[in-house]
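A.B. asks:
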Amino acid sequence: MKLSIVSPIFNEADSLPHLFTAVSGAMQDFSGEWEWILVNDGSSDNSFEVMSPLAQTSPFAVKLIDLRRNFGQTAAIAAGIDHAQGEVIVLMDADLQNDPSDIPMLLEKINEGYDVVSGWRYSRKDAFLTRVLPSKLANGLISWVTGVKLHDYGCTLKAYRREVLKGFRLYGEMHRFIPVYAHSVGARVTEVKVRHHARVHGKTKYGLERTLKVVLDLFTVKFLVSYASKPIYLFGGTGLLLALASLLVLLFLMVRRVAGGVSPFDSPLFPTALMVGILGFQSILMGLLSEQLTRTYHESQNKPTYTIREQFQYPKPDEEIDPGRMEKLP
Ligand code: UDP
Ligand code: MG
Numbered sequence: 000m001k002l003s004i005v006s007p008i009f010n011e012a013d014s015l016p017h018l019f020t021a022v023s024g025a026m027q028d029f030s031g032e033w034e035w036i037l038v039n040d041g042s043s044d045n046s047f048e049v050m051s052p053l054a055q056t057s058p059f060a061v062k063l064i065d066l067r068r069n070f071g072q073t074a075a076i077a078a079g080i081d082h083a084q085g086e087v088i089v090l091m092d093a094d095l096q097n098d099p100s101d102i103p104m105l106l107e108k109i110n111e112g113y114d115v116v117s118g119w120r121y122s123r124k125d126a127f128l129t130r131v132l133p134s135k136l137a138n139g140l141i142s143w144v145t146g147v148k149l150h151d152y153g154c155t156l157k158a159y160r161r162e163v164l165k166g167f168r169l170y171g172e173m174h175r176f177i178p179v180y181a182h183s184v185g186a187r188v189t190e191v192k193v194r195h196h197a198r199v200h201g202k203t204k205y206g207l208e209r210t211l212k213v214v215l216d217l218f219t220v221k222f223l224v225s226y227a228s229k230p231i232y233l234f235g236g237t238g239l240l241l242a243l244a245s246l247l248v249l250l251f252l253m254v255r256r257v258a259g260g261v262s263p264f265d266s267p268l269f270p271t272a273l274m275v276g277i278l279g280f281q282s283i284l285m286g287l288l289s290e291q292l293t294r295t296y297h298e299s300q301n302k303p304t305y306t307i308r309e310q311f312q313y314p315k316p317d318e319e320i321d322p323g324r325m326e327k328l329p
């Protein structure tokens, strides 16, 4: 198995020497080929100056990627994945809060046949009110909305089989949603408990505001995963509901006019019903537009609307039928 470990780095100069030692120790018994990709996300301290001599003298393969400015953790991770050679990719923070010695355990699960192994910081060492509690709520919400039940989306330490990362670009703060995307293309996802340490060097780059971003990203992810190939079901469904509500109110106004002699034009219900009806109609039109976009997206890139795990064929095109031999196609 070829493995790439990817770590995003923003102002972690003091952690880096310890991290090199920790990674080196953790990977000592790993028998396969592996590389470590460090992405310097425009650090304003001397992280890059610290990591380059460490990389040059390290006994294992290291790739350094120096981004031109600070693009954010997700973009740094994306850059690392784009430059990774491994069939398996492990993402890990560079601040020593994730423990490299958990990596072999993640790989064991990958070897058992899982495509995504998600780390769960079951005993998280961060501020309770601003980090742990909002994260718990967000994890519950994400699990509920997406149907992918994980305890800790926010934990960077996770292992992925490369195939399930194909065709997926990371925007905003979305690296935490990779398991959701992977699940939607049929990946087998599991979870293992990992260690978590309090930050010793440097400080966290995030606060409470990140939870808000995560909730907003969740809208996008849910839409993309559940409706991107059939948006009319969402827009049209909403539109039909609104149109139906509008019709019912208009009907009520009509009955009241006939039976009770009350003029519908005197009631605020009348303009409200009209407005709701127009909104519904608009929503259906938006669904149609969205369907056009979906077709442009898939057909312009020849992107199928399905993913294949493996293919088998029997017999092969130029072979005779020979019972008992079913071959896997590459
Ligand atoms: N990070 C990054 N770019 C940023 C912010 C953070 O590459 O703009 C890196 C940071 O160096 C660390 C990881 O992302 O390796 C997680 O950041 P942090 O420890 O601040 O997040 P927390 O653990 O507090 O959620
Ligand atoms: Mg951290």
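According to numbering that gives the first Met the number 0, the sequence shown is numbered sequentially starting from 0.
Ideal Cβ positions, reconstructed from N, Cα and C, are used throughout, including at glycine.
1. Can you look up residue 168 in the DSSP assignment and give me helix, strand or coil?
2. May I ask you to list the residues that DSSP assigns as paired with residue 312?
3. Fully enclosed by the stretch 108 to 181, which alpha helix (DSSP H) runs are 4 residues long or longer?
4. Nearest to residue 28 by alpha carbon, out of 81, 67, 101?
5. Is it buried or exposed for residue 99, if we count other Cβ within 10 angstroms and need 16 for buried?
6. Is residue 96 near ligand 2, going by C-beta to nearest heavy atom under 7 Å?
7. Quick check: does the Cβ of residue 203 come within less than 7 Å of any heavy atom belonging to ligand 2?
8. Can you name the residues that DSSP bridges to residue 7?
9. Give the range of the alpha helix (DSSP H) segment to which residue 249 is assigned.
10. Check whether the Cβ atoms of residue 4 and residue 38 sit closer than 8 Å, and answer yes or no.
11. With a Cβ-Cβ cutoff of 8 Å, do residue 217 and residue 141 count as a contact?
12. Using the C-alpha atoms, what's the distance from residue 278 back to residue 254?
13. May I ask which residues mark the beginning and end of the alpha helix (DSSP H) holding residue 272?
14. Does the distance between the C-beta of residue 92 and the nearest non-hydrogen atom of ligand 2 fall short of 7 Å?
15. Provide the residue span of the beta strand (DSSP E) that contains residue 22, from first to last.
16. Between 212, 247, 271, 183, which lies nearest to residue 307 when the distance is taken from Cα to Cα?
17. For residue 174, collect the residues of the same chain with a Cβ closer than 6 Å to its Cβ; drop the 5 residues on either side in sequence, then sort them by chain order.
18. Tell me, which residues are paired with residue 32 by DSSP?
19. So, is residue 67 buried or exposed, given that buried needs 16 or more other C-beta atoms within 10 angstroms?
20. Can you name, in chain order, every residue of its own chain whose Cβ lies under 6 Å from the Cβ of residue 92, other than the five neighbours on each side?
21. Over the uninterrupted alpha helix (DSSP H) stretch that includes residue 88, give me the two end residues.
C.D. replies: Reading it off the structure:
1. The residue labelled residue 168 in the question sits at position 169 within the sequence shown. Coil, per DSSP.
2. Position 313 of the sequence shown holds residue 312. According to DSSP, which records beta bridges pairwise, residue 312 is partnered with 326.
3. 132 to 145
4. Numbered from its first residue, the sequence shown carries residue 28 at position 29. Checked all of 81, 67, 101; the closest Cα to residue 28 is 101.
5. Taking the sequence shown and counting its residues from 1, one reaches residue 99 at position 100. So residue 99 counts as buried.
6. Against the sequence shown, residue 96 aligns to sequence position 97. At least one heavy atom of ligand 2 sits closer than 7 Å to the Cβ of residue 96.
7. Residue mapping note: residue 203 aligns to position 204 of the sequence shown, counting from 1. Yes, ligand 2 has a heavy atom inside 7 Å of this Cβ.
8. Within the sequence shown, numbered from 1, the residue matching residue 7 stands at position 8. According to DSSP, residue pairing for residue 7 in a beta bridge involves 38.
9. Residue mapping note: residue 249 aligns to position 250 of the sequence shown, counting from 1. Run containing residue 249: 230 to 259, per the alpha helix (DSSP H) assignment.
10. What you label residue 4 is simply residue 5 of the sequence shown in a count that begins at 1. What you label residue 38 is simply residue 39 of the sequence shown in a count that begins at 1. Not closer than 8 Å, so no.
11. One-based indexing of the sequence shown puts residue 217 at position 218. One-based indexing of the sequence shown puts residue 141 at position 142. Yes, they are a contact pair.
12. Working through the sequence shown from its first residue, we reach residue 254 at position 255. Working through the sequence shown from its first residue, we reach residue 278 at position 279. About 24 Å.
13. Taking the sequence shown and counting its residues from 1, the one referred to as residue 272 is at position 273. 268 to 299 is the span of the alpha helix (DSSP H), which, as asked, contains residue 272.
14. Within the sequence shown, the letter at position 93 stands for residue 92. Checking every heavy atom of ligand 2 against the Cβ of residue 92, one is found closer than 7 Å.
15. Sequence index remark: in the sequence shown, residue 22 carries index 23 (1-based). Not the beta strand (DSSP E): residue 22 falls in the alpha helix (DSSP H), residues 15 to 25.
16. As a first step, residue 307 is located in the sequence shown; it is residue number 308 there, counting from the start. Looking at 212, 247, 271, 183, the one whose alpha-carbon comes closest to that of residue 307 is 183.
17. Looking up residue 174 in the sequence shown gives position 175. Result list for residue 174: 73, 76, in chain order.
18. Counting from one through the sequence shown, the residue named residue 32 turns up at place 33. DSSP lists 1 as partners of residue 32.
19. Here residue 67 refers to the residue found at position 68 when the sequence shown is read from its first residue. By the 10 Å Cβ count, residue 67 comes out exposed.
20. As a working mapping, residue 92 is identified with position 93 in the sequence shown. Answer for residue 92: 155, listed in chain order.
21. The sequence position of residue 88 within the sequence shown is 89, counting from 1. Counting along the chain, residue 88 falls outside any alpha helix (DSSP H), though it belongs to the beta strand (DSSP E) covering 87 to 90.
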